[in-house]
Amino acid sequence: MKIFNYGLALLIVCVGLVAHDLPSLVLAQSNPLVNGIVVGIETNDNEQLITFVVSDSTGTLTTFKVSDSTKYGLENQAGDRWVTSHKDGSEEAARRLSEHQERFVPITVSYSEATEDSGQITGIATSVVDREQGKLETNLGYIFAVFAITWILFFAYVFYMGRKQKVVQYEITQIKASLQ
Amino acid sequence: MTKVINLIVSPIALSAVLMGTTLWLILVWVPTETNQGAVQRILYLHVPIAWGAMMGIIVVSAGSFLYLWKKNEIWDRLAVASAEVGVVFGGLALLTGMIWAKPVWAVWWTGEAKLTTTLILFFIYVAYLMFRAYFPPGTQRQRLAAIIAIIGAIDTPIIYFAANLWSQAHPPLITGPAADSESSLGTSLGVVLLASTISFTLLFILLVKMRYEIRKSEDEIKHFKRNHQLDSAVLNNISQARGTS
Amino acid sequence: MTKRDPLFAIKVEDVVKSYAEVMVLRRIKFSLQPGEVAVILGANGAGKSTLLRILAMLTQPDSGSIDIYGNDIAKNGPQVRALTGSVLHSPMLYTDMSVRENLTLFAELYRLKNIDTLIEKNACKVGIQSRLDHRVRTLSHGFQKRAALARALMHKPQLLLLDEPESGLDSRSVSYLENVVEEYRSSGRTILMTTHIIEHALEIADKAIVITDGYVHLESTTTCLNKSNILSAYSHTLPKTSGDL
Amino acid sequence: MRESLAVIWAIGRKDLLLETRNKDVIVAISVFALLVLMIFTFAIDINQVNAKLTGPGILWASIAFAGVTGLNRAFALELEGNTLEALMLAPISRDLIYAGKMLGNFLFITAAQIIVIPIFAVLFNLAVLRWEMLVVSLLTTIGFSAIGTLFAAMTIRVRAREVMLPLLFLPVVTPLIMAAVESTSHVVNDSSWPEIYQWIQLAIAFDIAFIVISAFIFQQILED
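Protein chains in written order, with my numbering: chain A, 15 to 194; chain Z, 3 to 247; chain Y, 2 to 246; chain E, 90 to 313.
This is the structure we're talking about:
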């Protein structure tokens, strides 16, 4: 039946794509990310943030410089989220980050222009946000769930229609037979 | 040979090719978004599916309105076909939205206006289909179902307005890592979204057409049975076939 | 208002009505003159009640036209309703209200004047004066039917539609019914009733209309009819699916 | 115009008369609503802090659910003796039947609210008895009875009537419930009129929209 040809073609394309390109999907990052907790903060005399150090789950330390274009999305203990760029809130950024350091709240930092010096990575942070759960860059489970549910539901619906069509066709043949 | 050519140029094949291309665009071509990571790719499915659900509602209410006006069964068939497909798309839009919201907003569900509106509309059109299933067959069923669809359509802006007002009074606690961050994607997002929307629109049309055709055959059988009183033996056979298959 | 043919009390043309897979009325065509008392005869399920419901404007026909005293019922609904009184299968009275309360309510809906005297007068006609202040629930079937008849007579309809009026009635109630029929005949108003008691029909009516298989198979004055004529009209058109007759 | 009002009143008064005889609907609505309220007072430990937060929602949820059962009962009465058809035989336009039935349902739900809302005020220790509350509950009840009468008439021949009516009714009246809940919570928080007014406006728009549509559509619903 036509419907099933269509379904089969889609399924094959889908499976082929996922199988072939899954590795590149994981690696396809325009900006690298680090998840971890803040272990050090450096400010200038005006209490503006200059650099901070993040330790990830393996204990690797990464030092981040901040620039005017660095973006923050950080919450305080009460859950109020504070979103701004470094240019407008460098003091608040220092305060928030040190609060995060005290509370051991994990954050996610995306960065660019990384340099490596005897195992110590240094980069310029582009965004500093609270981390909720899982590693963002590898939360493929969600994507998988979405694709699976979408196609399963569509196929289930097409299957349901196919069954309906079968019944209808059977009735038509019965009627035709009865007329002869 | 002509059979092969027909298959290649058929809308179904076109849809399959488009859908395949879209999948390639979503999964491979477009770069990963920085703030949200890979989950952002859900957007390319979620938005077109939600668009399909919206199309469903528009077609249902237009079909229902035309049915009440013209009393032509064609419009009723169109309405019921797109209601069914629309409910499938709507359910999927809700599910994909929830799965996307979890990593990004850290919650499965918030009282955001679009979400609330989609959910309520989903329920209205589920009720529409259930009404059709429960009501004794006949033209009254079609008329009343059309009225329900139109009421749902009229209710839509009111629901959206109310939900919007409501979510202003109760600001959603969106706390995920990327809740308010700007996207790092530029034009590539638009390209993939457009391609995906086109393929899902085509899929929507195809599904509605299939459902419509089945409905049409069912109506033809009904008319036939009405006009020629069939041998009871044949009718028995048919009802048995219905029961077993 | 389209005054078409005031010569006819009822003019039914090509009325078709189907429910789902069954076509109850295929092409009904007959007419009645003012002052005629007509009976519709037919086997169970022949569509007598459906036809009466269509004439009472409770059911819409699929197609065909009906004129009542020169009014097209599709266009002049309220006028036709004001001209028509109906007693259908159920008494259609509020069982927890007294007969008087019921009659008052319907008199108000028909916008009648001098309601109290009207009620007394019509109660006499059907012999329920003594039960006027009893609740309908407490009345016997015969009295309920008489109360329903009183309700239908309140606004002095030109056309009275009765669906199996004598079923389950005692002889006293039947005699009240016959009085009403006689009054209608003498005052030049019209009655259309269904029944399955052929003898009684021939006794009471001027005209018989036999419906079989969704068509009118016999339309004739009763003077030249007897029971066997009618029975043969029933049987010579038995449908192929004869099982349930 | 006066004649139309007389017809509407005749139908509404008939419903009231029947209600005084068998006391089906008002008792059903108020007892059901009070039961829901009571269960919520157990389910959520109501105290001074959360009463203002949860109270209005609980109140209107219970009235909405109880209202649906009441509407079902009210139309079951017309079904019993096929009396709806008797109304249809009368030479009156269908929107008058609709208005009459709506009037009856409006009075039933209002009567139930007169019982339920004071008890709610006591149970949740909230000062709801303000004139703004009167406006809120009037507008909500008008909307409930407008939509409820329409759907109750539509579902009268449906196999699973008791299920189908709430399935149709509740999603459609959601905006109205939101408006009722929000304005009630403004009332219990002693907010000023302008804050309540935006929700009142929504309720008014909803009521007008659906009364107009229903009056147009009712003709289509009754005939088969």
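By construction, the Cβ of each residue, glycine as well, lies at the ideal position given by its N, Cα and C atoms.
Give the interface partners of residue i over in chain Z, defined as CB-CB distance under 8 Å, in chain order.
{"i": "V261(E)", "result": "I126, I153, G154, D157"}
{"i": "M58(Y)", "result": "What M58(Y) touches in chain Z: nothing, since even the nearest Cβ is about 14 Å away."}
{"i": "A298(E)", "result": "I156, I160"}
{"i": "Q287(E)", "result": "L167"}
{"i": "L88(A)", "result": "Chain Z residues near L88(A): none, gap ~10 Å exceeds 8 Å."}
Would you check whether the ligand NAD has a heavy atom nearer than 8 Å to the C-beta of residue i?
{"i": "H114(A)", "result": "The model on display carries no ligand, and the ligand NAD is accordingly not part of it."}
In chain Y, what lies closer than 7 Å to residue i by C-beta?
{"i": "R134(Z)", "result": "The contacting residues do not exist; R134(Z) stays about 13 Å from chain Y at best."}
Report buried or exposed for residue i, applying the criterion of at least 16 other Cβ atoms within 10 angstroms of its Cβ.
{"i": "Q134(A)", "result": "exposed"}
{"i": "P322(E)", "result": "With chain E covering 90 to 313 only, the question about residue 322(E) has no answer from this structure."}
{"i": "Q183(A)", "result": "exposed"}
{"i": "V96(E)", "result": "buried"}
{"i": "Y174(A)", "result": "exposed"}
{"i": "A235(E)", "result": "buried"}
{"i": "H48(Z)", "result": "buried"}
{"i": "K30(Y)", "result": "exposed"}
{"i": "P255(E)", "result": "buried"}
{"i": "Q147(A)", "result": "Because the pLDDT at Q147(A) is just 43, under 50, the model does not fix this residue reliably, and the point stays unresolved."}
{"i": "L257(E)", "result": "buried"}
{"i": "E184(Y)", "result": "exposed"}
{"i": "P322(E)", "result": "Nothing about residue 322(E) can be read from this structure; chain E reaches only from 90 to 313."}
{"i": "T85(Y)", "result": "buried"}
{"i": "N161(E)", "result": "buried"}
{"i": "A18(Z)", "result": "buried"}
{"i": "F202(Z)", "result": "buried"}
Kindly indicate which residue of the options has the alpha-carbon position closest to the one of residue i.
{"i": "W149(E)", "options": "M191(E), G232(E), G189(E)", "result": "G232(E)"}
{"i": "S272(E)", "options": "N139(E), S226(E), A163(E)", "result": "S226(E)"}
{"i": "L193(Y)", "options": "K114(Y), Q34(Y), K126(Y)", "result": "Q34(Y)"}
{"i": "W165(A)", "options": "I156(Z), G93(Z), P159(Z), E220(Z)", "result": "G93(Z)"}
{"i": "A69(Z)", "options": "I149(Z), A95(Z), I60(Z), K116(Z)", "result": "The amino acid at residue 69(Z) is misidentified as Ala; the sequence shows Tyr. Per the Cα distances, I149(Z)."}
{"i": "L1(Z)", "options": "L195(Z), K227(Z), R213(Z), W77(Z)", "result": "Because chain Z in this structure spans residues 3 to 247, residue 1(Z) falls outside the shown range and cannot be described."}
{"i": "L205(Z)", "options": "V41(Z), W53(Z), F67(Z)", "result": "W53(Z)"}
{"i": "G87(A)", "options": "T74(A), L75(A), D102(A)", "result": "D102(A)"}
{"i": "K208(Y)", "options": "G215(Y), I199(Y), Y216(Y)", "result": "I199(Y)"}
{"i": "T119(Z)", "options": "P105(Z), I156(Z), P138(Z), F137(Z)", "result": "I156(Z)"}
{"i": "N103(Y)", "options": "I306(E), N111(E), A99(E)", "result": "A99(E)"}
{"i": "Y235(Y)", "options": "F9(Y), G43(Y), A39(Y), L94(Y)", "result": "G43(Y)"}
{"i": "I266(E)", "options": "V125(E), T230(E), V252(E)", "result": "T230(E)"}
Determine the chain A residues that contact residue i at a beta-carbon separation under 8 Å, and present them in chain order.
{"i": "R213(Z)", "result": "M175"}
{"i": "I216(Z)", "result": "M175, K178, Q179, V182"}
{"i": "T120(Z)", "result": "Within chain A, no residue comes near T120(Z); the closest Cβ sits about 16 Å away, beyond 8 Å."}
{"i": "L47(Z)", "result": "V160, F161, T164"}
For residue i, return the contacting residues in chain Z, with the cut-off set at a CB-CB distance below 7 Å.
{"i": "S64(Y)", "result": "In chain order: nothing, as chain Z lies at least about 11 Å away."}
{"i": "S19(Y)", "result": "R228"}
{"i": "M98(Y)", "result": "Under the 7 Å cutoff, chain Z gives no residues; its nearest Cβ is about 29 Å from M98(Y)."}
{"i": "Q137(E)", "result": "Here the premise fails: no neighbours, minimum Cβ distance about 21 Å."}
Tell me, to the nearest whole angstrom, how far the beta carbon of residue i is from that of residue j; I am working on the premise that it is less than 8 Å.
{"i": "S176(Y)", "j": "H135(Y)", "result": "Between H135(Y) and S176(Y) the Cβ distance is about 21 Å, and since that is not below 8 Å, they are no contact."}
{"i": "L178(E)", "j": "S19(Y)", "result": "Contact doesn't hold; Cβ gap of about 24 Å is too wide."}
{"i": "I138(A)", "j": "F66(A)", "result": "The pair is not a contact, with the Cβ atoms about 12 Å apart (cut-off 8 Å)."}
{"i": "I67(Y)", "j": "V16(Y)", "result": "7 Å"}
{"i": "L146(Z)", "j": "M243(E)", "result": "5 Å"}
{"i": "A197(Z)", "j": "V62(Z)", "result": "At roughly 26 Å, the Cβ-Cβ gap does not stay under 8 Å, so A197(Z) and V62(Z) are not in contact."}
{"i": "D97(Y)", "j": "R138(Y)", "result": "6 Å"}
{"i": "T76(A)", "j": "S99(A)", "result": "So it is not a contact: roughly 21 Å between Cβ atoms."}
{"i": "L131(Z)", "j": "E75(Z)", "result": "So it is not a contact: roughly 18 Å between Cβ atoms."}
Below 9 Å on C-beta distance, what does residue i contact in chain E?
{"i": "L35(Y)", "result": "Note that residue 35(Y) is Pro in the sequence shown here, rather than Leu. By Cβ distance, chain E contributes nothing, its closest Cβ being about 20 Å from P35(Y), past 9 Å."}
{"i": "E102(Y)", "result": "K103, L106"}
{"i": "Y111(Y)", "result": "A179, P180, I181"}
Give the residues of chain E in contact with residue i, contact being defined as C-beta atoms less than 7 Å apart.
{"i": "M93(Y)", "result": "G170, N171, T172, E174, A175"}
{"i": "I150(Z)", "result": "L257"}
List the residues of chain E whose Cβ lies closer than 8 Å to the Cβ of residue i, in chain order.
{"i": "F9(Y)", "result": "The premise fails here: F9(Y) is roughly 20 Å from chain E at the closest Cβ pair, so nothing lies under 8 Å."}
So residue i contacts chain A; which residues on that side make the cut at Cβ distance below 7 Å?
{"i": "E220(Z)", "result": "V182"}
{"i": "R43(Z)", "result": "I157"}
Just the chain Y side, please: which residues come within less than 8 Å of residue i by C-beta, in chain order?
{"i": "V96(E)", "result": "E109, L110, R112"}
TODO: Output the residue ranges of the alpha helix (DSSP H) runs that lie fully inside the segment 107-153 of chain Z and measure 4 residues or longer, sorted by chain position.
DONE: 115-136
Task: Complete alpha helix (DSSP H) runs within the segment 69-147 of chain Y (minimum length 4 residues, chain order) - done: 78-84, 100-110, 116-127
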